[in-house]
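One structure is given below, encoded as structure tokens.
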Amino acid sequence: MGRSMKRVGDSVVLLHGTGRTPRSLRGLEKRLQKAGFQTLNLAYPWRRLDIAGLANYVADALDAEGIFSGCHRLHFVTHSMGGLVAACLLGRLRKRIPVEVGRVVMLGPPLRGSEVADALSGFSPYRWFYGPAGLELTTSSDLLEGLWPDYALGVIAGTIGWPYLSGMVFIRGAHDGRVAVGRTQWQGMTDHLVLPVIHSYMPGAPVVLRQVQHFIETGSFDR
228 MGRSMKRVGD SVVLLHGTGR TPRSLRGLEK RLQKAGFQTL NLAYPWRRLD IAGLANYVAD
288 ALDAEGIFSG CHRLHFVTHS MGGLVAACLL GRLRKRIPVE VGRVVMLGPP LRGSEVADAL
348 SGFSPYRWFY GPAGLELTTS SDLLEGLWPD YALGVIAGTI GWPYLSGMVF IRGAHDGRVA
408 VGRTQWQGMT DHLVLPVIHS YMPGAPVVLR QVQHFIETGS FDR
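Sequence positions in the sequence shown follow the numbering used here and run 228 to 450.
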């Protein structure tokens with residue numbers, strides 16, 4: 228009982244990335260549950276809608292799942308494109324969240340797009356696989372124009388690009404195989420941490436699990 232009472236009123240929503248399912252964030256979810264947080268590891272139709280549509284979908288799902296019942300503060304942990312969905316939700320649909328927004332951790336978010344999307348978005352296989360949202364992952368996207376994080380935001384970027392050949396070919400400088408470190412940054416973010424992790428497997432890395440919990444609990448990464 229003591230552990231469940233530790234975080235009374237604090238809930239965490241987890242949003243997976245493209246090509247993934249809630250299972251990819253299960254390790255993070257278990258760690259946060261063990262720390263006493265209520266969690267909602269949400270699936271969303273990432274191939275079917277654009278990012279604004281996905282943000283609306285998530286807003287509807289949060290209400291339908293009853294996450295706000297007994298919740299006083301709502302945190303978010305996201306991976307990859309899930310970070311853009313959360314950014315749009317919190318920036319454009321905040322009125323849909325009737326509780327305090329707490330802390331947000333984004334893992335490998337293409338907040339300023341990805342050169343991989345620049346290179347591949349003109350090809351039909353890319354458009355078929357990634358859907359409408361995939362076209363908003365380019366570096367020229369204005370998706371977040373006029374938005375800034377008015378909440379505690381911590382971003383983790385990775386620096387292991389192998390074996391993503393597309394990232395190694397199209398991205399200059401440090402990257403995680405999908406997103407350049409510099410493109411995970413957003414003006415106004417609270418903290419930014421660079422770790423030797425790869426994009427797809429970032430959510431399962433032990434060092435990432437520890438840092439996510441630390442930020443959600445304290446509002447900063449452990450350095």
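Even glycine gets a Cβ: it sits at the ideal position worked out from N, Cα and C.
Which residue comes first and which comes last in the beta strand (DSSP E) that contains residue i?
| i | result |
| --- | --- |
| isoleucine 383 | 379 to 385 |
| aspartate 418 | 418 to 422 |
Please name the residue or residues paired with residue i in a DSSP beta bridge.
| i | result |
| --- | --- |
| glutamine 265 | Ser238 |
| phenylalanine 303 | Val240 and Val331 |
| alanine 314 | Beta-bridge pairing links alanine 314 to no other residue. |
| histidine 402 | Ala407 |
Considering just the uninterrupted stretch of the alpha helix (DSSP H) at residue i, what are its terminal residues?
| i | result |
| --- | --- |
| threonine 445 | 433 to 445 |
| valine 343 | 342 to 347 |
| valine 326 | Taken as a continuous stretch (DSSP letters only), valine 326 belongs to no alpha helix (DSSP H), as it is neither H nor E. |
| aspartate 278 | Sequence check: residue 278 is isoleucine here, not aspartate. Start and end: 278 to 291. |
| glycine 358 | 351 to 361 |
| methionine 395 | 392 to 397 |
Considering only their Cβ atoms, is the gap separating residue j from residue i smaller than 8 Å?
| i | j | result |
| --- | --- | --- |
| serine 368 | glycine 394 | no |
| glycine 400 | isoleucine 425 | no |
| glycine 335 | valine 285 | no |
| leucine 255 | leucine 436 | yes |
| arginine 234 | glycine 263 | yes |
| valine 343 | isoleucine 387 | no |
| valine 240 | isoleucine 294 | yes |
| arginine 274 | tyrosine 357 | yes |
| methionine 416 | valine 382 | yes |
| tyrosine 378 | valine 312 | no |
| glycine 446 | arginine 321 | no |
| serine 307 | glycine 244 | yes |
| leucine 316 | alanine 288 | no |
| leucine 374 | glutamate 363 | no |
Measure from the alpha carbon of residue i to the alpha carbon of each residue in the options, then state which is nearest.
| i | options | result |
| --- | --- | --- |
| aspartate 345 | Arg330, Val332, Gly361 and Met333 | Gly361 |
| threonine 365 | Pro337, Phe350 and Gly381 | Pro337 |
| glutamate 292 | Gln440, Lys257, Gln412 and Ala270 | Ala270 |
| histidine 419 | Ala384, Ala288, Ser238 and Glu444 | Ala384 |
| proline 376 | Ala314, Asp290 and Gly297 | Ala314 |
| glutamine 414 | Glu372, Ile324, Val396 and Asp449 | Glu372 |
| isoleucine 443 | Arg247, Leu370, His302 and Gln260 | His302 |
| glycine 236 | Thr248, Asn268, Cys298 and Gln260 | Cys298 |
| tyrosine 391 | Pro423, Val304, Leu422 and Ser427 | Ser427 |
| valine 421 | His402, Val396 and Gly280 | His402 |
Taking residue i and residue j to be in contact with their CB atoms under 8 Å, please state how far apart those CB atoms are, rounded to whole angstroms.
| i | j | result |
| --- | --- | --- |
| glycine 318 | methionine 333 | Actually they are not in contact, since the Cβ atoms of glycine 318 and methionine 333 sit about 13 Å apart, beyond 8 Å. |
| arginine 253 | glutamine 440 | Not quite, the Cβ-Cβ distance comes to about 15 Å (not below 8 Å), so this is no contact. |
| threonine 266 | serine 238 | 7 Å |
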